[in-house]
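Number of protein chains: 2
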Amino acid sequence: MVERVVVVGADAAGMSAAHQALRVARAHGRVLEVVVVERYTHTSYSACGIPYWMAGDVDSADRLVARTADQHRALGVDLRLLTSAVALELDARTVTVQGPGGGTEQLGFDQLVLATGARPRTPAWALAGDGGWVPGVRAVKTLDDGAAWVAAVTGRSAPGGRRPERAVVVGGGYIGIETAEAFVRRGLETTLVTRREVMSTLDPDMGARVRQGMTAGGVRVVCSEEVDGLDLRRDGTVAAVRSAGDAFPADVVALGLGVEPATGLAAGAGLPLGAFGGLLPDDRQRVADGVWAAGDCCESVERLQGLRVYVPLGTHANKQGRVAGENLAGGEARFGGVLGTAVTQFVAGGVHLEVGRTGPTTEQATAGGGEVVALVTESTTASGYMPQAAPIAVKVLARPDGRLVGVQIVGGPGSAKRIDTAAAAMWFHAGVADLAGMDLSYAPPFSPVWDPVQIACRRLADRLADRPG
Amino acid sequence: MVERVVVVGADAAGMSAAHQALRVARAHGRVLEVVVVERYTHTSYSACGIPYWMAGDVDSADRLVARTADQHRALGVDLRLLTSAVALELDARTVTVQGPGGGTEQLGFDQLVLATGARPRTPAWALAGDGGWVPGVRAVKTLDDGAAWVAAVTGRSAPGGRRPERAVVVGGGYIGIETAEAFVRRGLETTLVTRREVMSTLDPDMGARVRQGMTAGGVRVVCSEEVDGLDLRRDGTVAAVRSAGDAFPADVVALGLGVEPATGLAAGAGLPLGAFGGLLPDDRQRVADGVWAAGDCCESVERLQGLRVYVPLGTHANKQGRVAGENLAGGEARFGGVLGTAVTQFVAGGVHLEVGRTGPTTEQATAGGGEVVALVTESTTASGYMPQAAPIAVKVLARPDGRLVGVQIVGGPGSAKRIDTAAAAMWFHAGVADLAGMDLSYAPPFSPVWDPVQIACRRLADRLADRPG
């Protein structure tokens, strides 16, 4: 009998699982039936690309779709769009799905993959009486969001084609920064309001560098303000964003408040959830007998300390999906954990600022009582005498014994991707002296003779050895 | 009594040793007298920057000097310029030096650092009867070479200020490519002649990609030709470069044939040399009792297989110098070996091509009989839908058990520095599956969701597991 695999969710995690399962089964001479149900109409799309679609770098939603439904089907996946999984019975091995016509069906499964993703955190003030968005307010998460934003910033969705003039971004994380960039590039007067410093995934001193860059690029950045409501116009559209003490006039308001795991289906079936509300797979991505989970609906394990964390990124979704697919098909794969590596940029208003980070912040790394020593090094992205040399600041965090805890980078063109060097070293539990000694590349257009990441590690190693630099 | 350290050579290795020795001694409460003798007038200069000085990116030799003589002296180094070390007596613990006035002096030492560097490989045909360069012909190594080249390409050194029209570069390595770039950017009709494929530090298929890029950028690239002589004009200046079957007209000829260790002083003192003619320090950079060596005069140990190699690069010179300085001052440091990580670029004639490489080539890795499996992946430097996405080809070499042997990258802007990710992983003896699983950064302007280096490793891991991609 052919074994049936049901995958819930057709984005990165789900489709990676589906294809890897088929691939591994084929290699083992096994036949799997793989059914994927997807609530929306699109598959495998790049949510991260939406700000660039808004900015005009990308000309249509189609370009953000890595693989279309037809391409998935051609590879052997039974893909059912506009189909929601509404109930899960683990004992009966069935998932109840509701198709586009509204009728429900019970799908039996031998193995199940939960790849239900995440939903944007949405404060009550952003929603109208009917449960939909207040007109002019929206998250930046789905392709529908993207389409609405493109229509808004180009004036296509406003009466008379009037383009909005003032934008407020609520939230200072990746999506907040990238959306602010898009608004500035579209010529909007842009304010970003955030509860703490910009980029709370950086230490505050490094976040301040990002804020300064964004300010120089034309964004009004307001920190330490909690948005608690909106002022509306008579027609119900947004007029301003309100915090305790201020009001920020806005024709449009983008929400970049992060996401939370979409785990209703799993919770309804009694699967345990963690402190962040996510599923808790083991390193084979297994959550129960014959049940696997991957992507933004899962918490992950932080590689160096083994703590549970919630890092909803496409990189992990793809890898976890592959691991789940491999294992359910009889292979043996393990997810190696997350460091929290991420990059972003703000390129607008004559500013080109790149950000990279990996590992916990100082606050996170000391929360459990551990000690952290840290140092910021200022250097250049290329040899100082080259015209392309731009400033780069590298902050290195280490334990007193020299073990690397994290690295944070803020700088000009060519800065961000250097974080991968640190991440690769940290993957193998490197110390600052290890990184300082590594054979990294050098040529004048690319780096000083010691790469900035290496300079920072060398200086911290010297300091730990009690040697003045 | 104050211990005296004599350092021979005031470039990267020698000055790193001198300063680290002072720093470590100070931390230990010891006092050292550090004397550095240098044959020429300049210290700590960037030879790698000379092609960019030639191209016009850098406006003077001063900019290529990382630290001036005065700066070194202010840090406590007794620096003696225009002073050659002409003899070394290990038993007597003396080095005989000849100063600017021509007189000699015997300097006693307690510890000695040999940092005598390398000299450009110079075929007999490049030299005139008086032992100097044939006019129009020159290497690209010293600041004097740089000054001569800048004068030549700007026409300042020719009668009537006539600028040369046709340039030939002999040699297809880093200096050859970068010098060809400088000539094209200066408007010269440029031919590059090389014995093998361009970039013999890459596998030939990857070297061919570099050649194609250079050709598209306006360089006539002639491979598999050995230059064996020159045609001269009546005034003795170069008219053409000759190989067995061809002649390549040239007003100027740049030599990029690599360098060889300058070890006359050490050999005269009976210190052993290796197969490449270099000194053979241990991993503390010690070559004899109280005698240390660092930089281009040394062979190095390849980290993964432990073979002796000769990789004369500033990155290693700096690190080895530091290690020597640390150890001679009573510290304890070890040089971790080399992988052979290097980057370069060819940016001219509308082409922007970047190259990165680490580890042995297939030819080198199989020379001892070992087996290598390899795979080339073509991807993009950013998400495919982004305007900045450029092609990138990544070749991964591994042993049949998956251990990484080397990585080679040829691609557009943003390609080269990705080699550091591979180098960092290889530093810790990673396998292709390790690298495929690592937490590397992603955002649309910087990378596809799987970094190209990671895609290549993942595919090779799949192939080794006998799974179609």
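Chains as they are written, first to last, in my numbering: chain F, 1298 to 1766; chain V, 1298 to 1766. Heads up, the beta-carbon is just placed ideally off N, CA and C, and yes, glycines get one too.
Here Ala-1551 of chain V really is in contact with Val-1466 of chain V; their C-beta atoms are around 5 Å apart, less than 8 Å. Taking a Cβ-Cβ cut-off of 7 Å, the neighbours of Cys-1345 of chain V in chain F comprise Ala-1740 and Pro-1741, given in sequence order. The beta carbon of Pro-1420 of chain V sits no closer than 7 Å to any beta carbon of chain F.
Under the 8 Å Cβ criterion, the segment 1708 to 1722 of chain F counts as touching the segment 1650 to 1663 of chain F, having at least three qualifying pairs. Ranked by Cα distance from Gly-1526 of chain F, the first of F:Ile-1474, F:Cys-1594 and F:Ala-1541 is F:Ala-1541.
The count of Cβ pairs closer than 8 Å, one atom from the segment 1489 to 1507 of chain V and one from the segment 1433 to 1446 of chain V, stays below three, leaving the stretches out of contact. Identification of chain F residues near Thr-1641 of chain V by a Cβ-Cβ cut-off of 7 Å yields Ala-1740, ordered along the chain. Contact between the segment 1410 to 1425 of chain V and the segment 1305 to 1316 of chain V is present: three or more C-beta pairs spanning the two stretches fall below 8 Å.
With contacts defined as CB atoms closer than 7 Å, Gly-1618 of chain V and Ala-1314 of chain V qualify as a contacting pair. In terms of Cα proximity to Glu-1494 of chain F, the closest of F:Thr-1488, F:Glu-1486 and F:Met-1503 is F:Met-1503. In this structure, the CA atom of Gly-1647 of chain F is about 6 Å from the CA atom of Gly-1514 of chain F. Judged by pairs of C-beta atoms under 8 Å, the segment 1743 to 1752 of chain F does not touch the segment 1620 to 1629 of chain V, as fewer than three such pairs exist. Annotated three-state conformation of Gly-1708 of chain V is strand, per DSSP. Three or more pairs of CB atoms, one per stretch, sit closer than 8 Å, so the segment 1658 to 1669 of chain V contacts the segment 1696 to 1710 of chain V. Inter-residue distance for Arg-1517 of chain F and Pro-1546 of chain F is about 12 Å (C-alpha atoms, whole angstroms).
Residues of chain F whose Cβ lies closer than 7 Å to the Cβ of Arg-1360 of chain V are, in chain order, Tyr-1682. A distance of 7 Å or more separates the beta carbons of Val-1328 of chain V and Val-1374 of chain V. Exclusion of the five residues before and after Glu-1335 of chain F leaves Ala-1307 and Leu-1378 as the residues of its chain whose Cβ lies within less than 6 Å of its Cβ. Ala-1464 of chain F is not a Cβ neighbour of Val-1394 of chain F, given a cutoff of 7 Å. Looking at the DSSP output, Pro-1417 of chain V bridges to V:Val-1556. Residue environment analysis places Arg-1320 of chain V among the buried positions, since at least 16 neighbouring C-beta atoms fall within 10 angstroms of its C-beta. Scanning its chain for C-beta atoms nearer than 7 Å, with the 5 sequence neighbours on each side dropped, one finds around Ala-1505 of chain V the residues Glu-1494, in chain order. Rounded to the nearest whole angstrom, the CA to CA distance from His-1339 of chain F to Phe-1573 of chain F is 27 Å.
Here Leu-1554 of chain V is not near Gly-1469 of chain V, since their CB atoms are 7 Å or more apart. For Gly-1311 of chain F, the CB contacts under 8 Å within the same chain, skipping 5 residues up- and downstream, are Val-1304, Val-1305, Val-1333, Glu-1335, Val-1410, Ala-1412, Ala-1591, Gly-1592 and Gly-1618 in chain order. Annotated three-state conformation of Ser-1454 of chain F is coil, per DSSP. Taking all protein chains shown into account, Leu-1424 of chain V has fewer than 16 neighbouring C-beta atoms within 10 Å of its C-beta and is therefore exposed. Within the same chain, Cβ atoms closer than 8 Å to the Cβ of Arg-1631 of chain V are found at Asp-1580, Arg-1581 and Val-1620, the five residues on either side in sequence being excluded.
In terms of beta-carbon proximity, Asn-1624 of chain F stays away from the interface with chain V, with every pair separated by 7 Å or more. Out of F:Ala-1740, F:Gly-1734 and F:Thr-1718, the CA that lies nearest to the CA of Arg-1756 of chain F is found in F:Gly-1734. For Val-1620 of chain V, the enclosing alpha helix (DSSP H) covers residues 1611 to 1625. At a cut-off of 7 Å between beta carbons, Lys-1714 of chain F contacts chain V. A straight-line Cα-Cα distance of about 27 Å links Gly-1622 of chain F and Thr-1655 of chain F.
Assignment of Glu-1478 of chain V by DSSP, reduced to helix, strand and coil, places it in the helix class.
Within chain V, Thr-1718, Ala-1721, Met-1735, Asp-1736, Leu-1737 and Ser-1738 have C-beta atoms less than 9 Å from the C-beta of Ala-1720 of chain F, given in sequence order. DSSP places Val-1648 of chain V within a strand segment (E or B) once states are collapsed to three.
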